[in-house]
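Working notes, beginning with the structure itself.
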């Protein structure tokens, strides 16, 4: 019977011709008392028929300041404002000047974020998903939480190469290479270890309003799939915890619903968003964004994948056989995006016994981590291991 | 004692018989004779006093050989073998199909005096509608010795189904060519005024064979009639009740659908469904497929009063809308009042949907078993005390989680599991000719989970007791008391630290006292009182598990009484003109709050008939509603809850004005109706952006009030009889909302009118059934409508580390139009009554054309941009088979 009703796949791509509404000012940047406030001003874009195409959001040139209720103005107009010395007992607002006018956020007294007690992780019973969790507690009045997660993780190239190829004529360690050469990596020159970073791109908010005290116990923030590169080796998140007002919490909740909970049979209808930013000269103008004022709490957390009981090996990514390349073929392989893996096994009877520098090669992306994924060799200073 | 005497010049036609008694003289032989020839032979040779009712489907040939002394027995056993019953009563033999002859008629049941003579029995047989005709029989009503020559008399009586003794509601009783008519009520009772003298009285009911009796009226009297279900291949039947019924009542906008029609309409997965058929009527819209709520003439889903045997059903759905709560095995019909709402009903703005269950068979125990793709069903009915007390019991259960695996991701059903059970019980007891008691019970339970850690449950419990009493022929009373309960819960065990159980409930006790009396023949007065006591749990949160840190708490219960008095007069001003003038005063008393709400509600309609076939009507209604559904999705969703009006939540009020034109064509087989309406509703609830609807003690802060304006024209052509029957309708209508308060830039759509989510201007519906023979038929259901309004993204921006959407003004865009065609092929049992069981089979296909009808369009972030998607609930043809066994 089930076969009779063969799988019904009922979601289709659908891109109707909609009237666009571009050019709405977007102001993002919570005022972080005791930290740097980073402001980002952009404009919305039309939703044209070609909505799937990648595009870049227009960044608007603007002068940004943070104004305190005692008249103090922080910042010199740039988007990064030093609000470290700001007094938490005053009220603050964000002031943004653009070509279209002056925009201000509503005056607000900083809300002090609760302390982050700990970060932890848990793994789903079916061992497919890892949850990153936060535990926190605070005073009864600051019950609305928001988090911003900046992630960094170390990952490895599939193969740990011992040598690499330097073509003739390139400058290598200050010298012009006279001939095609295979050079051994020195200590600290490895192409195996890379670091990559990003931000957690879900809206992370919570309320303890339904709980008996203002305490979050292992609150699930976000998840990672078992094959996620982030947890392939060593993962780190720098978590900023903010305290929100009720209005700000509603704003973020609605933003999240409007983005993620749409189109289902029981989904709420998308609703218009109104933040707390107005154009001083034209209060009717629609401005997107909500500026909170908070004294944030911050912590960094590491997850060593080796320590987790997460079965996540997936050999298929590494399913490459090294190729034994004779010296005469080096250049040809190199130009085909191959690079050296290691010395060829000396016991191989097929080996050219005359030569002493025969190597196995692999596609370059398998041995150079920055080609494997878009990470870099820039190891963060706080990284807690010796990988280089 | 008024009495009915029956003159019965019985004509026993002895045919010209091809059969002869064979020698030797002590042995008789009949070879390959048809049944009527066999009977004729018996009458001639053996036993003259045989009354015989021929079953027209009996095509058997009979061969009987026996000595003369045993021949009668042999012949009778041959007839018994093919399903006839042979009974001896009062010196006569009766041979007929289907049932034992009730040789002790209950006194008063047929209200024929003298009660048990042969003539009355023959009359009983006559009304079973077999071969003998009613011609040449004259029923005398009243006392012939009274000497009255002119004036009028009142005739009353009950109309029942011959097969099971159930009362037949909605049967027209009329004298053709005059304007003397009546319609039976839900107890099968009718009462009418007739001129003295000789006349023909016709009884016609939907799918019942017409009965026409010759009357001689001398004075007041009573006449009970049994009617037989129509065999469709009969020729010549022309008049039916529901055609022409438009011309008989001043009320407008009433749609009635009987269960046999419901069972023929193809629906998804083949589970016959009363609500889905209601959705095929003009003026009824939904937001899309699998939508459980329906919108009547621009009203919202919570503005429909759904009554099941007088009990209010707060959630009429199973599996969140794939099926409705009403088991078609036990219901008799559904009636939708979308314009003229009788004064006896109140409490909702838009409509009353009345679902009635059948009475059990009063003659014998029978039942049915059904197997569908989603449910299995069992029902039993029969007498407890024959002809006096009957029961009907029905139950359904599901076994189908497989369905949810087929539904699309993001449809909110993914990974879901669902199950439900429901049980209906009806008991009817006739105390005496004028008093009857009816008890009804309904219980249903639903369980649904979206994922392993979230489980929804809800249940309906309804119980009611009804006493119907006829004081005298001009005055009757119905007293109903009952209790309705709807409980809903959501259990979340996503994290052990925040696991909880959230529950809401509506409990209500009600009493309805309704009198009906006739005054001076031309007025029918309905008056009475209603009271409902509400006790709502608007939200209770309970921590579950040991480590949960959820603070258990509950919102204050909401308690109130809604009371109403009503009176209405159905007034026949003249033969052409009649009116229905109703007034209801409802009052709402809160237990806790300060304010009491209330006011008059007017229910006025009038009709002018140009002739028997053409009428015009107009009506005006006002309504009040004190209970509201709190929901932020357009569909009726699992998290909806009910709240009462309070100091800060005002009652909804509304009015509707309507006018209509009705015309009956083609020998009374086709009805055309054209109705137009304009409707306004005030204080309809909508929500502020970011409103918190669950466990919110200050809910009123998050609500906004809107007003609604709706208007439209509905054209319907309905054919109730013939091989092809069904209806086709076209509706043009609009429904718009506007926020009532000015909240500056926050005002929804700047305070301008915007389209309601179910505003679908053009709507064409066709429901048809074509019978090839009385066993095979084909049903078609076609639905076209304008796409519904939605709010769509019109811009995209980056915020909070993600791509976000700027939405348009509310409901400013429409999804593509909707079109769907469903087909079903129905095989009904043959009419071989000797068989113990009857099997019927339905094969069907939902969405035959496989059109990908959108339910919603939405966008998700995709790379640096967004991507549009369309969700289609049933995007491929969905075939089904449904099996039913009657026993």
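Chains as they are written, first to last, in the numbering used here: chain A, 3 to 390; chain B, 329 to 1215. Here a beta-carbon is modelled for each residue, glycine too, at the ideal position from N, C-alpha and C.
Min CB distance residue i to chain B below 8 Å
{"i": "residue 226 (chain A)", "result": "no"}
{"i": "residue 302 (chain A)", "result": "no"}
{"i": "residue 376 (chain A)", "result": "no"}
{"i": "residue 7 (chain A)", "result": "Caution applies to residue 7 (chain A), whose pLDDT of 30 falls short of 50 and renders its modelled position unreliable; the value that the coordinates give is listed next. Yes, residue 7 (chain A) lies at the interface with chain B (some Cβ there is under 8 Å from its Cβ)."}
{"i": "residue 92 (chain A)", "result": "no"}
{"i": "residue 54 (chain A)", "result": "With a pLDDT of 44 at residue 54 (chain A), under the threshold of 50, the modelled position of this residue cannot be trusted; read the value that follows with caution. Answer yes: the Cβ-Cβ gap between residue 54 (chain A) and chain B drops below 8 Å somewhere."}
{"i": "residue 255 (chain A)", "result": "yes"}
{"i": "residue 238 (chain A)", "result": "no"}
{"i": "residue 202 (chain A)", "result": "yes"}
{"i": "residue 116 (chain A)", "result": "no"}
{"i": "residue 246 (chain A)", "result": "no"}
{"i": "residue 260 (chain A)", "result": "yes"}
{"i": "residue 82 (chain A)", "result": "no"}
{"i": "residue 345 (chain A)", "result": "no"}
{"i": "residue 108 (chain A)", "result": "no"}
Short CB-CB distance (under 8 Å) between residue i and chain A
{"i": "residue 1127 (chain B)", "result": "yes"}
{"i": "residue 593 (chain B)", "result": "no"}
{"i": "residue 869 (chain B)", "result": "yes"}
{"i": "residue 607 (chain B)", "result": "no"}
{"i": "residue 706 (chain B)", "result": "no"}
{"i": "residue 562 (chain B)", "result": "Its pLDDT being 29, under 50, residue 562 (chain B) is placed unreliably by the model, and nothing is read from it."}
{"i": "residue 747 (chain B)", "result": "no"}
{"i": "residue 559 (chain B)", "result": "Any answer about residue 559 (chain B) is weak, because its pLDDT of 42 lies below 50 and its placement is not dependable; what the coordinates show is given next. Chain A, which has no Cβ nearer than 8 Å to the Cβ of residue 559 (chain B), makes this no."}
{"i": "residue 793 (chain B)", "result": "no"}
{"i": "residue 503 (chain B)", "result": "no"}
{"i": "residue 1117 (chain B)", "result": "no"}
Residue i - containing beta strand (DSSP E), residue span
{"i": "residue 1097 (chain B)", "result": "1090 to 1099"}
{"i": "residue 277 (chain B)", "result": "Residue 277 (chain B) falls outside the range modelled here, since chain B spans only 329 to 1215, and no answer is possible."}
{"i": "residue 245 (chain A)", "result": "236 to 246"}
{"i": "residue 109 (chain A)", "result": "First-last for residue 109 (chain A): undefined, no H or E at that position."}
{"i": "residue 40 (chain A)", "result": "38 to 40"}
{"i": "residue 398 (chain B)", "result": "Here residue 398 (chain B) belongs to no beta strand (DSSP E); instead the alpha helix (DSSP H) covers 396 to 409."}
{"i": "residue 638 (chain B)", "result": "Note, residue 638 (chain B): premise wrong, no beta strand (DSSP E); not H, not E."}
{"i": "residue 206 (chain A)", "result": "206 to 209"}
{"i": "residue 295 (chain A)", "result": "295 to 297"}
{"i": "residue 602 (chain B)", "result": "Taken as a continuous stretch (DSSP letters only), residue 602 (chain B) belongs to no beta strand (DSSP E), being part of the alpha helix (DSSP H) at 602 to 606."}
{"i": "residue 217 (chain A)", "result": "217 to 227"}
Rounded Cβ spacing between residue i and residue j (contact assumed at less than 8 Å)
{"i": "residue 159 (chain A)", "j": "residue 369 (chain A)", "result": "6 Å"}
{"i": "residue 916 (chain B)", "j": "residue 973 (chain B)", "result": "6 Å"}
{"i": "residue 883 (chain B)", "j": "residue 867 (chain B)", "result": "4 Å"}
{"i": "residue 1028 (chain B)", "j": "residue 1062 (chain B)", "result": "That pair is no contact at about 30 Å."}
{"i": "residue 112 (chain A)", "j": "residue 90 (chain A)", "result": "5 Å"}
Element boundaries [alpha helix (DSSP H), containing residue i]
{"i": "residue 85 (chain A)", "result": "Residue 85 (chain A) -> no alpha helix (DSSP H), and no H or E assigned at all."}
{"i": "residue 367 (chain A)", "result": "366 to 369"}
{"i": "residue 337 (chain A)", "result": "332 to 337"}
{"i": "residue 752 (chain B)", "result": "That residue, residue 752 (chain B), is in no alpha helix (DSSP H); its beta strand (DSSP E) goes 745 to 760."}
{"i": "residue 929 (chain B)", "result": "Not the alpha helix (DSSP H): residue 929 (chain B) falls in the beta strand (DSSP E), residues 924 to 939."}
Exercise. Are there three or more Cβ pairs, one per stretch, closer than 8 Å when the stretch 598 to 611 of chain B is compared with the stretch 1044 to 1064 of chain B?
Worked result: Look at the beta carbons and you see the stretch 598 to 611 of chain B touching the stretch 1044 to 1064 of chain B: at least three pairs across the two are nearer than 8 Å.
Exercise. Quick check: the stretch 1142 to 1154 of chain B against the stretch 268 to 280 of chain A, are there 3 or more CB pairs under 8 Å?
Worked result: Contact annotation: the stretch 1142 to 1154 of chain B does not touch the stretch 268 to 280 of chain A, with fewer than three C-beta pairs closer than 8 Å.
Exercise. Does the pairing of the stretch 670 to 690 of chain B with the stretch 893 to 908 of chain B give three or more beta-carbon distances under 8 Å?
Worked result: With a cut-off of 8 Å on Cβ pairs, the stretch 670 to 690 of chain B is in contact with the stretch 893 to 908 of chain B, counting three or more such pairs.
Exercise. Counting Cβ pairs, one atom from each stretch, are 3 or more of them under 8 Å apart for the stretch 1122 to 1136 of chain B and the stretch 25 to 37 of chain A?
Worked result: Yes, since at least three Cβ pairs between the stretch 1122 to 1136 of chain B and the stretch 25 to 37 of chain A fall closer than 8 Å, the two stretches touch.
Exercise. Per the contact definition of three or more C-beta pairs closer than 8 Å, is the stretch 240 to 255 of chain A in contact with the stretch 161 to 173 of chain A?
Worked result: No, they do not touch.
Exercise. Are at least three pairs of beta-carbons, each pair with one atom in the stretch 225 to 232 of chain A and one in the stretch 117 to 135 of chain A, less than 8 Å apart?
Worked result: The answer is yes - the stretch 117 to 135 of chain A touches the stretch 225 to 232 of chain A, with three or more Cβ pairs under 8 Å.
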